[in-house]
Amino acid sequence: MHNDGSSAGSATAGIISRVLCHPLDTVKARLQANTSRDHTITSQLNFRALRSVQGLYRGIGVSVVGSAPATCLYMTSYEMSKDVLMKVESFRENPSLLYLGAGLAAEAVSCGLWVPIDVIKERMQVQGQSKDAVKTVQKIYYRNTLDAVQTIARTEHLGSLYKGYFATLLSFGPFSALYFMFYEKAKTFATKRLDLEDLPAHYTLASAAVAGATASFLTNPLDLIKLRLQVQHAYATEANPAVYRGIIDGLTQLIRTEGVLALYKGAGARVAFHAPSTAITMSLFERCRQVFASLIDV
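Below, the structure written as structure tokens:
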């Protein structure tokens, strides 16, 4: 692992960005979980469930606890993957391919931590959706993170925490690949344009925000199906079993029953979440890495 403050920097950045942006993530989750053909925001969100701060911060506990090690693993894996791929001539001569490959590798490694975090967080975030919104009434309600883990272990099995693992990889793999490619390219462009060796913080912030917004919009359909795969077992009964059998089946059913436009349900909220979240994460990551590196050198 890099001994330059990257680990501490990424952990700190992950926690802060999650706390600040979690309400936007909750809105995104509820929009994507909604299966009705009514595309009005009011009908999809069920504002009564989001009227309080507590409603907006459902699932924040597992998100904060898990984001430190998961973000640390994610960023460290990205930096290490770049170092490894730089030794391969085809990657070294094609920076875009290098960033795509490193981003995909980082997601593949960190998914082992992110998936169970997402399953618990998203099930808690979508609690309280109406019957019309999600086809069936949720049969289980989780009081908190610990109760969610215990209930899943008792009523399903702990393997359910990895429901949608491959869907997550297929969703966030392309997101991470595109995000880091756009981010690194934007930084390189700004560095050359300004003729600077180190970019000012606000340029890093802007580069990350634009990259996060673009990548999140392009991969929204995959993220939507991933979320539904992860939460549907909380609603499943013998009479109404889990709806989607996999990501391809989910996309097919979604288009057939809700229309093509439904592929971008929650896209605005997803962009609104990822733009500031990635901007905060990368800015703090770069800054914290500098600070912790200076402390290590002392």
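For the sequence shown, the UniProt record's numbering assigns the number 1 to the initial residue and increments by one for each residue that follows. Each residue gets a CB set at the ideal place from its N, CA and C atoms; glycine is no exception.
In this structure, L85 keeps its C-beta atom at 9 Å or more from the C-beta atom of I280.
Boundaries of the alpha helix (DSSP H) around T145: T145 to T155. Judged by pairs of C-beta atoms under 8 Å, the stretch 154-173 does not touch the stretch 182-196, as fewer than three such pairs exist.
Annotation: the UniProt repeat "Solcar" (199-291) contains the following complete segments of the alpha helix (DSSP H) (minimum length 4 residues), in chain order: 201-218, 220-231 and 247-258. In this structure, the alpha-carbon of S17 lies about 34 Å from that of V88. Under the three-pair Cβ rule at 8 Å, the stretch 74-84 does not count as touching the stretch 117-129.
Within a 10 Å sphere around the beta-carbon of T204 sit 16 or more other beta-carbons, which makes this residue buried.
The alpha-carbon of A208 is positioned some 15 Å away from that of Y78. Of the residues L169, Q54, H202 and G212, the one whose Cα lies closest to the Cα of V27 is Q54. Separation of G66 and L146 (C-alpha to C-alpha, rounded to the nearest whole angstrom) is 13 Å.
Per DSSP, Q54 is one residue of the alpha helix (DSSP H) stretching across V53 to L56.
Boundaries cannot be given for M86, as no alpha helix (DSSP H) includes it and DSSP labels it neither H nor E.
Assignment of T35 by DSSP, reduced to helix, strand and coil, places it in the coil class. One thing to note: Y179 has its Cβ within 9 Å of the Cβ of S216. Rounded to the nearest angstrom, the gap between the Cα atoms of I15 and L251 is 32 Å.
Its Cα nearest to that of R289, the residue M75 stands out among A70, F182, M75 and A262.
Closest option to E107, judged by alpha-carbon separation, among K121, P276 and A177: A177. For S171, the enclosing alpha helix (DSSP H) has its first and last residue at Y165 to L194. With fewer than 16 neighbouring CB atoms inside 10 Å of its own CB, G112 falls in the exposed class. Looking only at A29, A11 and A8, the smallest Cα-Cα distance to H274 is reached by A29. In terms of CA proximity to G246, L169 leads the group M80, L169, E197 and S63.
Collapsing the DSSP output to three states places V126 in coil. Y141 carries a coil assignment under DSSP once its states are collapsed to helix, strand and coil. In chain order, L104 and E107 place their CB closer than 6 Å to the CB of G173, counting only its own chain and leaving out the 5 sequence neighbours on each side. Around the CB of R228, 16 or more other CB atoms lie within 10 Å, so the residue is classed as buried. Taking all protein chains in view, the Cβ of F189 is surrounded by fewer than 16 other Cβ atoms within 10 Å, so the residue is classified as exposed. Here DSSP, grouped into helix, strand and coil, assigns E93 to coil. Spanning the alpha carbons of S283 and Y183 requires a straight line of approximately 12 Å.
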